[in-house]
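If you read the sequences in order, they're chains E and Z.
Adding 1 to a residue's 1-based position in the first sequence gives its number in the working numbering.
Adding 152 to a residue's 1-based position in the second sequence gives its number in the working numbering.
Note that beta-carbon positions come from the ideal geometry of N, C-alpha and C, so glycine has one too.
Reviewing the structure listed below.
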Amino acid sequence: MAKATIPIVSAHAPSPSFEYFSTKKDEFVGWARKFSLFPYPFVTACCAMEFMAVSSTPYDTDRFGAALPRFSPRQSDLLMVVGTLTHKQAPVLLRVYEQMCEPKWVMAFGACATSGGFYQNYAAVAGIDRIIPVDIYVPGCPPRPETVIDAIMKLQDRIAGSRHPIITKTF
Amino acid sequence: MAAAFLDLVQRQLVLAGGDAVFSHNILVITLPPAELLGMARRLKSEFLFDLLLDVTAVDWPDRTPRFDVVYHFYSTTHLIRVRLKTRVLHRDPVVDSLTSLYGSAHFMERECHDMYGIVFRGNPDLRPILLYENFVGHPLRKDYPKLHEQPLVPYRT
Chain E
2 MAKATIPIVS AHAPSPSFEY FSTKKDEFVG WARKFSLFPY PFVTACCAME
52 FMAVSSTPYD TDRFGAALPR FSPRQSDLLM VVGTLTHKQA PVLLRVYEQM
102 CEPKWVMAFG ACATSGGFYQ NYAAVAGIDR IIPVDIYVPG CPPRPETVID
152 AIMKLQDRIA GSRHPIITKT F
Chain Z
153 MAAAFLDLVQ RQLVLAGGDA VFSHNILVIT LPPAELLGMA RRLKSEFLFD
203 LLLDVTAVDW PDRTPRFDVV YHFYSTTHLI RVRLKTRVLH RDPVVDSLTS
253 LYGSAHFMER ECHDMYGIVF RGNPDLRPIL LYENFVGHPL RKDYPKLHEQ
303 PLVPYRT
């Protein structure tokens, strides 16, 4: 006996151009987002010197669309934690992270933000990933500017290659 | 000039009953905690040590008066330093506050209270300055466990 087939009802009227666009939307949104990273510099310690070097003209992070720091977490989508995080500052970092709107990414800049570095004592958090999720780690004490640029490019590749589900819900 | 002046300070203080020696070209005065405030007042008014540079402590875990409380003064007239040391007991680590003489003593005594638990009698505000509220213990004491953390934010699992 043949089964009765239930026809799939699409919410959208079938249109070739829409079908083509929906297959490409993640790629398109990823392309747009990877070149519009607005960093929020959460700068706590000596790595700030290297962060300034990265932001300066010779290294020119504007090539990657990541040059303009936003000093409000509401307007930024890349949280750069630059330097040692102490236990006293941990609630501040968590609040800043929670205030950022989706989509958001986190970069642990330098050895201290990555793992606590050489601080193993009452004061320092051994890596910010104990508090908030981290997308990319930058090694070094402090990192060379080339390392930071490499991290930005790796993060861009990741953004370009990932799905962007907010758009999927709406479409 | 400076050496002659320090010599004068040393002679006057030895006459007054203090124990004063030279160590690495700095005059070091050791005295009981009860005489601390009077000595600081004399140093400020008679010998013009008008700048309080530092308040800190040293923990000697096996010694009977366990803590040294150490003060450094500087004279902007004579351009020399002097060090004041006093010993306090572990069960009663109390010294007189110098806030009535030096405004800079407020914050430095708070820090010393954070790190070593020295109580400065007369300091109106001994809240934590580098540590946070509800921090238990004093981290620069030798018996504070080296890896003991007191996180304010629960760790992710």
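Next item on the list: Could you tell me whether the stretch 198–213 of chain Z touches the stretch 223–242 of chain Z, using the rule of 3 or more Cβ pairs below 8 Å?
Entry: Result yes; three or more Cβ-Cβ pairs closer than 8 Å.
Margin query: When you compare the CB positions of E/Gly118 and E/Cys102, do they come within less than 8 Å of one another, or not?
Written below: Indexing the first sequence from 1 puts residue 118 of chain E at position 117. Indexing the first sequence from 1 puts residue 102 of chain E at position 101. Cβ distance not < 8 Å, so E/Gly118 and E/Cys102 don't count as in contact.
Check: What residues are listed by DSSP as bridge partners for Z/Val173?
Finding: Indexing the second sequence from 1 puts residue 173 of chain Z at position 21. For Z/Val173, which the question treats as bridged, DSSP gives the partners Z/Val180.
Next item on the list: Have a look at the DSSP bridge pairing and note the partners of Z/Leu253.
Entry: As a working note, residue 253 of chain Z is residue 101 in the second sequence. Answer is none; Z/Leu253 lacks a bridge partner.
Next item on the list: Determine, using beta-carbon pairs with one atom in the stretch 41–54 of chain E and one in the stretch 78–87 of chain E, whether at least three such pairs fall under 8 Å.
Entry: Segment contact: the stretch 41–54 of chain E against the stretch 78–87 of chain E, three or more CB-CB distances shorter than 8 Å; contact assigned.
Note to self: Per DSSP, what are the beta-bridge partners of Z/Asp220 in this structure?
What the structure shows: Within the second sequence, residue 220 of chain Z is the residue found at index 68, counting from 1. Per the DSSP secondary-structure output, Z/Asp220 pairs in a beta bridge with Z/Val210, Z/Arg239.
Notebook entry, point to check: Given that a residue counts as buried once 16 or more other Cβ atoms are within 10 Å of its Cβ, and exposed if not, what is Z/Ile232?
Noted result: Reading the second sequence from its first residue, position 80 is the one you call residue 232 of chain Z. Its Cβ being crowded by 16 or more others within 10 Å, Z/Ile232 is buried.
Checklist line | For Z/Met267, the nearest candidate out of Z/Asp277, Z/Leu283, Z/Ala257 (CA to CA) | finding: Stepping through the second sequence from its first residue, residue 267 of chain Z is reached at position 115. When Z/Asp277, Z/Leu283, Z/Ala257 are compared, the shortest CA-CA separation from Z/Met267 is found for Z/Leu283.
Check: Nearest to Z/Ala257 by alpha carbon, out of Z/Arg193, Z/Val207, Z/Glu301, Z/Lys196?
Finding: Residue 257 of chain Z sits at position 105 when you count from the first residue of the second sequence. The candidate whose alpha carbon is nearest that of Z/Ala257 is Z/Val207.
Check: Is the beta carbon of Z/Arg273 sitting closer than 8 Å to the one on Z/Val240?
Finding: As a working note, residue 273 of chain Z is residue 121 in the second sequence. As a working note, residue 240 of chain Z is residue 88 in the second sequence. Taking 8 Å as the Cβ cut-off, Z/Arg273 and Z/Val240 do not qualify as a contacting pair.
Check: Using the beta-carbon count (16 or more within 10 Å), is E/Phe52 buried or exposed?
Finding: In the first sequence, the residue the question calls residue 52 of chain E occupies position 51. Classification for E/Phe52: buried.
Notebook entry, point to check: By the criterion of Cβ-Cβ separation under 9 Å, what are the contact partners of Z/Lys298 in chain E?
Noted result: In the second sequence, counting from the first residue as 1, residue 298 of chain Z sits at position 146. Going along chain E in sequence order, the residues near Z/Lys298 (Cβ under 9 Å) are Gln121, Asn122, Tyr123.
Margin query: So, does the stretch 287–305 of chain Z touch the stretch 207–219 of chain Z, judging by three or more C-beta pairs under 8 Å?
Written below: Pairwise C-beta distances place the stretch 287–305 of chain Z in contact with the stretch 207–219 of chain Z, as three or more of them are shorter than 8 Å.
Notebook entry, point to check: Touching or not, the stretch 126–134 of chain E and the stretch 27–40 of chain E, by the rule of three or more beta carbon pairs under 8 Å?
Noted result: With a cut-off of 8 Å, the stretch 27–40 of chain E and the stretch 126–134 of chain E do not count as touching, because too few Cβ pairs lie within range.
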